[in-house]
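Per the UniProt record's numbering, the very first residue in the sequence shown carries number 1; after that it's consecutive. A short write-up of the structure that comes next.
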Amino acid sequence: MRILFRIFLFVSCISMHTSYAISPDKAVDVQSNLRILKLLPHLFYPLAVEPKIPDDFIAMSPKGKLNGYDWTYWGPKEVLEEYFKDPASLKVPILRVKLSENTVQTGPETFSENAEINNLKKKYPQRFKDFKHRWGMYPVWAFQTDAYDKMICMAWIGLNAHEGEGGWTLLVNLVYPEGPGHPDQNDLKLWDTFITQTKQLSEPEYFIAYGQNLQPGYTIMDDVGVKLTVTAEKRERDGKVQVVVIPSSSDVKFQYAKMEEVLLGSKWNHAAPLLKVYGSVSQDNPEFGKVVLDQVISVLLETVPEFSVDKDRTTDRKDLLIYQSQS
């Protein structure tokens, strides 16, 4: 399982002229508005939700760098900084999250057995409560129990990333102040609100969370830091389709396989003409080595009188990759 870091895309739209231009503003503004990409920027399988947590909660790690396998803490910046120095200084509740090491998603709504949870159920049957829920397409299994002289509030969220016998899950834990009187109503309210009121993102935002920002005629792809822009146009007079791929930098390589015309199946832009561009994208990453990703890039197909980019006049352009259908 690859856990990689997503980097915000710094390229945007292609103007519909033979001499094109790329503006960096549009994509950055759209993608940076997705809060979950800031709270969990490291997941190869994103969690495309709008978490119901306070506005001042940010993501931090006591190790400095966020890592999916280690606890990432969500809370106010000043609170987290003090907590990392001295856990006893905590005065308000916070959350922490990481990839689970012992529980996997076994189906759309099911999780694997967890020996520790089973033991808690047997040991504290009167004080154990679990709760099954869904954040849209993401199953949630939360539980609350009084054990080890404290209350434990914990949940697993399935990432719908099935591999072999199971798929990855996120483990989330409520962290509250030490001492008598805790967790109090304020502590538990943070947890209950997060679990019951978090929602899946809208369909356009969902696509962005998964690395594809669909705009009319082009898509901005940003997958684990590998970035490019893809345009798709269909010429009126002969039905020929042209795809233009523009990597964000010279070290991003795209290997084209095929294209396929379909209709968009989502409620958003339902039945709009869509072009699926199949291929692989690669880039040398200083932290992870060479990253190679098989991709199916979806582009909202524009019908035009003539192609915006003339293939015959751009043969010397190494920064443009142009592909055409046979029709």
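C-beta: ideal position from N, C-alpha, C; glycine also.
Three or more C-beta pairs below 8 Å linking the stretch 58 to 76 and the stretch 115 to 124: no
Sheet register partners of residue 73 (DSSP bridge): Partner residues in the beta bridge of residue 73, as assigned by DSSP, are 60, 96.
Run of the alpha helix (DSSP H) containing residue 205, from where it starts to where it stops: 203 to 209
Own chain partners of residue 144 with C-beta closer than 6 Å, once the 5 adjacent residues on each side are dropped: 129, 153
Residue 185, DSSP secondary structure in three states: helix
Local conformation of residue 172 per DSSP, three classes: Three-state DSSP puts residue 172 in a strand.
Residue 216 to residue 187 span [Cα, whole Å]: 45 Å
Cβ distance (whole Å) where residue 203 is taken to contact residue 282 below 8 Å: Rounded, the Cβ-Cβ distance is 29 Å, inconsistent with contact.
For residue 337, the nearest candidate out of 235, 85, 197 (CA to CA): Lying before the first or after the last residue shown, residue 337 is absent from the chain, which here runs from 1 to 327.
Runs of beta strand (DSSP E) lying entirely within the stretch 278 to 311, each at least 3 residues, in chain order: 289 to 300, 302 to 304
For residue 231 and residue 244, believed in contact at Cβ under 8 Å, the rounded distance: 5 Å
Residue 142 - containing alpha helix (DSSP H), residue span: Element bounds for residue 142: not the alpha helix (DSSP H) but the beta strand (DSSP E), 138 to 147.
Exposure of residue 229, with buried meaning 16 or more beta-carbon neighbours within 10 Å: buried
Rounded separation between residue 52 and residue 196 - CA only: 8 Å
Counted within 10 angstroms of its Cβ, other Cβ atoms place residue 137 as buried (16 or more) or exposed: exposed
Residue interval of the beta strand (DSSP E) (run including residue 233): Residue 233 -> beta strand (DSSP E) spans 226 to 235.
Span of the alpha helix (DSSP H), counted from its first residue to its last, around residue 119: 115 to 123
Simplified DSSP assignment, three categories, for residue 104: coil
Reference residue 279; option with closest CA among 321, 238, 160: 321
From 300, 134, 227, residue whose alpha carbon lies closest to that of residue 291: 227
For residue 325, the nearest candidate out of 149, 43, 258 (CA to CA): 258
Coil, strand or helix - residue 44 by DSSP: coil
As assigned by DSSP and simplified to three states, the class of residue 263: strand
Beta-carbon gap between residue 169 and residue 103 smaller than 7 Å: yes
Closest by C-alpha distance to residue 150, when choosing among 172, 141, 182, 135: 182
Where residue 75 falls, given that 16 or more other Cβ within 10 Å makes a residue buried: Per the 10 Å Cβ criterion, buried.
Limits of the unbroken alpha helix (DSSP H) element including residue 322: Here residue 322 belongs to no alpha helix (DSSP H); instead the beta strand (DSSP E) covers 321 to 324.
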